[in-house]
Structures are given as structure tokens and as C-alpha cells.
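Residue numbers (the working numbering): 16 to 255.
Yeah, the Cβ is synthetic: ideal placement off N, Cα and C, and Gly gets one too.
Note that this is a predicted model, so its numbers are computed, not measured.
Beneath this line is the structure, given in C-alpha cells, with notes to follow.
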């Protein structure tokens with residue numbers, strides 16, 4: 016039996032006796048409804064007996080502010096779960112796309128978790144990430160960039176991110192992925208234990224699965240997505 020609750024901008028899924036907490040941040044726009052857009056992925060983790068806290072946010076230019084908010088909200092959710100089960104349990108952090116960046120620039124530098132799992136890390140500039148933004152900024156002579164910028168993000172990770180245990184997942188047909196840059200950045204730190212793996216799939220392979228069959232029935236399920244998500248949740252569990 017899984018208890019569900021929405022609090023502190025998180026969809027919380029709590030098995031009766033979870034072994035660990037997964038603090039999950041999804042990609043831009045997808046994370047505005049993580050309970051739907053990542054439903055299959057969340058279910059796969061619950062089935063492995065993880066409590067899942069899925070952060071809900073609206074995209075904005077100030078990524079540092081978003082990262083601070085997520086970190087504070089996850090902390091409040093952990094406290095709430097501890098009160099419910101009468102014990103504190105460790106957490107792992109998982110990010111998809113922009114969600115990876117938000118975890119990596121967290122105020123605690125990754126100290127308060129056992130490990131971090133990056134799925135399809137994305138750190139593109141605003142002009143590359145947002146359609147038509149480049150034309151608009153040029154036309155009106157505006158300057159608009161994410162904060163921190165892509166270059167500064169990598170410098171922050173190299174200098175202030177302290178988590179040594181990182182597992183990076185990329186997909187072979189993902190044109191938005193920048194996992195290689197992240198891995199090089201992490202490896203530049205002392206005593207780094209980061210590892211990576213390449214799987215078949217696209218940037219959004221872990222997203223949206225579960226929505227189509229909700230409306231159309233099981234016959235509409237995407238079995239490749241379904242099996243890929245199962246494989247990823249198993250990799251996460253095995254690396255514990």
C-alpha cells in the first residue's frame with residue numbers, strides 16, 4: 016500500500032516501509048506535472064520500495080533560485096516522512112534533463128544524499144533551449160540567459176559540488192544530451208567515483224510513458240519505453 020500526498024511542491028509517494036527516499040527533479044515543462052509525465056518511472060521506483068518525492072516547478076531563467084527552492088522543499092518532505100514512519104532514512108537524488116542541473120547546483124553541494132543519478136543531463140543556453148528566444152532577443156536588443164549560465168554551471172560543479180558517487184545515464188539517440196561534458200567536469204575533481212552508461216533511446220524516453228494508455232488503454236503502451244524504464248530502475252537499485 017502506497018500513501019500519496021502533495022506537499023511542499025512535491026508529489027510524495029510513500030510505501031509503508033521504504034528503504035530509501037528518491038528525490039526526483041524532471042526536465043523543463045515536463046516537471047510541471049511530474050505525477051503524469053513521469054508516472055511510469057515513479058511507479059517503477061515505488062515497486063523497488065523507494066519513497067519518491069517528485070518536485071513540481073514552472074520553468075524560469077533563474078535556475079539557482081529553483082535549485083534552492085527544490086532543496087528546501089525536499090528537506091521539508093524528508094522531515095514529514097520521518098515523522099510518519101518514526102525514523103530517518105537516507106536519500107538519493109535523481110534528475111532528468113534540466114533536473115540534473117538543479118540537483119548539481121544545490122546549496123549543499125550534494126552532501127546530504129548517498130548518491131546522484133543523472134539522466135540525459137542538459138545544460139544548453141537559453142537561446143538553444145527556448146524556441147524563438149534568439150530571434151526575440153536580437154530583434155529587441157535584449158540580453159537573456161539562464162542563471163547560472165552553462166559555462167558557470169560547469170565551474171560551480173567542479174568547484175563546489177561534493178558528491179563523489181554519481182551515476183550518469185545517456186541515450187544513443189539524444190541530441191540534447193551533454194552527459195560527456197558533465198562526466199569530464201566531475202572527473203576533474205579529486206577522488207571522484209562517477210560512472211556512466213549509454214542505453215538505447217531518446218531524450219524523453221523516461222517521460223510520458225503511462226499517459227497514452229491512461230486514455231487509450233493498455234494496447235497503446237510503448238513496450239520499448241516500458242522496458243527501458245524498468246532497466247533504469249533496476250540499475251538504480253543495483254547501484255545502491
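Proximal residues to residue i (C-beta, below 7 angstroms), its chain only, five neighbours per side dropped
i, result
"residue 179", "206, 207, 208"
With 16 other Cβ atoms within 10 Å as the buried cut-off, status of residue i
i, result
"residue 238", "exposed"
"residue 21", "exposed"
"residue 88", "buried"
"residue 193", "buried"
Assigned secondary structure, residue i (DSSP; H/G/I helix, E/B strand, else coil)
i, result
"residue 220", "coil"
"residue 194", "helix"
"residue 25", "strand"
"residue 239", "helix"
"residue 49", "helix"
"residue 77", "strand"
"residue 199", "helix"
"residue 20", "strand"
Selected residue, minimal CA-CA separation from residue i, among the options
i, options, result
"residue 25", "124, 36, 116", "36"
"residue 170", "73, 88, 201", "201"
"residue 161", "117, 59, 217", "117"
"residue 133", "175, 86, 55, 195", "195"
"residue 49", "242, 247, 221", "221"
"residue 203", "212, 173, 57", "173"
"residue 40", "211, 168, 121", "121"
"residue 248", "65, 51, 43, 33", "65"
"residue 119", "104, 92, 86, 101", "86"
Any non-hydrogen atom of the ligand SAM closer than 6 angstroms to residue i Cβ
i, result
"residue 211", "In terms of ligand content, the structure shown is empty, and the ligand SAM therefore cannot be addressed."
Own chain residues within Cβ distance below 6 angstroms of residue i, not counting five before or after
i, result
"residue 17", "28, 30, 61"
"residue 147", "Its pLDDT being 43, under 50, residue 147 is placed unreliably by the model, and the measurement read from it follows with that caveat. Here the set comprises nothing."
"residue 215", "187"
Meets three-Cβ-pair contact criterion under 8 angstroms: the region 131-142 and the region 85-105: Between the region 131-142 and the region 85-105, the count of Cβ pairs shorter than 8 angstroms is below three; the stretches do not touch.
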